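First residue of the sequence shown: 0, per numbering that gives the first Met the number 0; consecutive thereafter. Here a beta-carbon is modelled for each residue, glycine too, at the ideal position from N, C-alpha and C. Everything numeric in this text was worked out from a predicted model, so none of it was measured.
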Amino acid sequence: MSQKTDEIGSYLNSPEKQGWLYKRTLIIVVISQIFGGAGLAAGVTVGALLAQDMLGTDSYAGIPAALLTLGSAGAAMLVGRLSQRFGRRAGLAAGFLAGGIGAIGVIVAAVDRNILLLFASLLVYGAGTATNLQARYAGTDLAKPNQRATAVSIAMVSTTFGAVAGPNLVDVMGRFAESLGIPALAGPFILGAAAFILAGLVLLCLLRPDPYVVAKAIAAAQKKEQNQSAQMASPTRGNANRGIIVGATVMILTQIVMVAIMTMTPVHMMHHGHGLSEVGLVIGIHIGAMYLPSLLTGVLVDKIGRTAMAYASGGILLAAALLAALAPADSMLLLIAALALLGLGWNFGLISGTALIVDATDLSTRAKTQGTIDVLIALAGASGGALSGMVVASSSYATLSFAGGVLSLLLIPVVIWSRSNSKAEQSENLPM
């Protein structure tokens, strides 16, 4: 215990060591996210198709996405609380390892044609999805305020490598699964199991010292030394609460729209004669658009502001929804464009919303607050996934997409409310 305390203490008065640990943390997070992205892609690509095959109906094809996000919700809270108490290393490693166990359960369920086991395993598998998102916070713990969005973006862009490769390996993993006597649609979950477990092991073995533990120790020492001087004062409670509300709302709305449209796109495509390889291509490009622009997005969020990028998110999601609704079902080009825009709009919303949350929270409660907000994001995604299948079954894919466009417009009044309240508070605080 003393050795660990001494190790953390060595960072308190050394900006050079803090900078070194910040960079090292980003490298480790990047490695884990490459594996985590591959694990994430399996459920996204074939989850709905596997449920459709086992249940024999489209009406419940959105259930896998709902279960994944419900599992993600529970895991987000647990990962957040573990991280708050023991550090990012314990929380993130536990989440990824649980996701790997869930993927193994999905494979067993597909072999046995066991629906209950499939649903239970998808819930557990959702832990990997939650952890993949939670990992974006690890890079911000030691980042300066003008580096936070960029740190988030570095973590996210590394997910691209695995996340784009995953959907494009659907056919390969399907053939590999069949050679083992496993249904082809369960093949991507073999990749998912290995990827999540490797991501967890990377963090468990390498994320030392823990950046969140070090950041809390630095903050506590600075507050004590400066007697909570004006330089170290936290944002006012009103500003902090408003930042949390706006950041959470931006991420929740973008998650609902993205999950709902993305979930039913593979089913929509299969109904109109597209094959698994074409589905994999569209979803692969979509996931690439979710993560690949992150480096540029992070710089833009840090340079031109959180709220400006939230506005951009709403506009891009609206364009994606309209294009998905109006595109002919046999047009691969337009479907690719719609899903790419959908991913880009989600990317803008997630990074700007995450930066708002980090700005508005204190280190003493930050991880727990982040976990709670990710619960709400996951539940929002679960709602979008569950309702998407029912909307398409009772109406059409176009109706679902139009509804997503309407929801995306709600981002604009939320951000306007935030800015108007902030200006009003600033004017009240001006000296007479």
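Handout entry: Inter-residue Cα distance where the pair is GLY99 and VAL156
Key = 22 Å
Exercise for the section: Since I believe TRP345 is in contact with ALA257 (beta carbons under 8 Å), could you give me their beta-carbon distance rounded to a whole number of angstroms? Expected result: The amino acid occupying residue 257 in the given sequence is Met; Ala does not appear at that position. That belief holds up - the Cβ atoms of MET257 and TRP345 are roughly 4 Å apart, short of 8 Å.
Problem - Top-ranked residue by Cα proximity to PRO210, from VAL413, TRP19, ILE411, GLY403 - result: TRP19
Practice task
Go to GLN88, then tell me how far its alpha helix (DSSP H) extends in each direction, as first and last residue.
Solution key: Here residue 88 is Arg; the residue named in the question, Gln, does not match the sequence. Segment 87-111, the alpha helix (DSSP H) holding ARG88.
Problem - DSSP-derived helix/strand/coil call for LYS22 - result: helix
Handout entry: Sub-8 Å separation of THR296 and ILE350 beta-carbons
Key = yes
Practice task
Taking only the alpha-carbon atoms, compute the straight-line gap between THR364 and GLY55 and give it to the nearest angstrom.
Solution key: 46 Å
Practice task
Taking GLU277 as the reference, give the member of ILE335, ARG84, LEU294 with the closest Cα.
Solution key: ILE335
Practice task
Under the assumption that VAL28 contacts GLY138 (Cβ atoms under 8 Å), give the Cβ distance between them as a whole number of angstroms.
Solution key: 5 Å
Problem - Given 8 Å, three or more beta-carbon pairs between the stretch 377-388 and the stretch 62-70 - result: yes
Problem - Local conformation of LEU81 per DSSP, three classes - result: helix
Exercise for the section: Output the distance between the C-alpha atoms of LEU205 and SER400, rounded to the nearest integer angstrom. Expected result: 43 Å
Handout entry: Inter-residue spacing [alpha-carbon to alpha-carbon] between LEU121 and GLY101
Key = 6 Å
Problem - Straight-line gap, ALA309 to LEU362 (C-alpha atoms, nearest Å) - result: 24 Å
Handout entry: Straight-line Cα distance separating ALA126 from ARG87
Key = 15 Å
Handout entry: Range of the contiguous alpha helix (DSSP H) that encloses ASN145
Key = Segment: none, ASN145 is in no alpha helix (DSSP H) and carries neither H nor E.
Practice task
Taking all protein chains shown into account, decide if ASP140 is buried (16 or more other Cβ within 10 angstroms of its Cβ) or exposed.
Solution key: buried
Problem - Distance CB(ILE196)-CB(LEU96) smaller than 8 Å - result: yes
Problem - Span of the alpha helix (DSSP H) around ILE286 - result: 275-290
Problem - Residues near ILE114 in its chain [Cβ-Cβ closer than 8 Å; skip 5 each side] - result: MET53, LEU54, ALA108
Handout entry: Proximity of ALA74 and THR130 at Cβ, strictly below 8 Å
Key = yes
Practice task
May I ask which residues mark the beginning and end of the alpha helix (DSSP H) holding ARG135?
Solution key: 114-137
Handout entry: Euclidean distance between Cα positions of MET231 and GLY352
Key = In this prediction, MET231 scores a pLDDT of 47, lower than 50, which makes its location untrustworthy; the coordinate-derived value is nonetheless stated afterwards. Taking the straight line from one Cα to the other gives about 23 Å.
Practice task
State buried or exposed for SER312, treating a residue as buried only when at least 16 other CB atoms are found within 10 Å of its CB.
Solution key: buried
Problem - Three-state secondary structure (DSSP) of MET231 - result: In this predicted model, MET231 has a pLDDT of only 47, less than 50, meaning its place in the structure is not dependable; the value taken from the coordinates is given anyway. Reduced to three states, the DSSP call for MET231 is helix.
Exercise for the section: Pull up the CB-CB distance for LEU322 and ALA337, whole angstroms please, since I reckon it's below 8 Å. Expected result: 4 Å
Exercise for the section: At 4 residues or longer, and completely inside the stretch 146-222: list those alpha helix (DSSP H) runs for me, N to C. Expected result: 147-167, 169-178, 186-205
Exercise for the section: Taking GLY272 and LEU355 to be in contact with their CB atoms under 8 Å, please state how far apart those CB atoms are, rounded to whole angstroms. Expected result: GLY272 to LEU355, Cβ: 43 Å. No contact.
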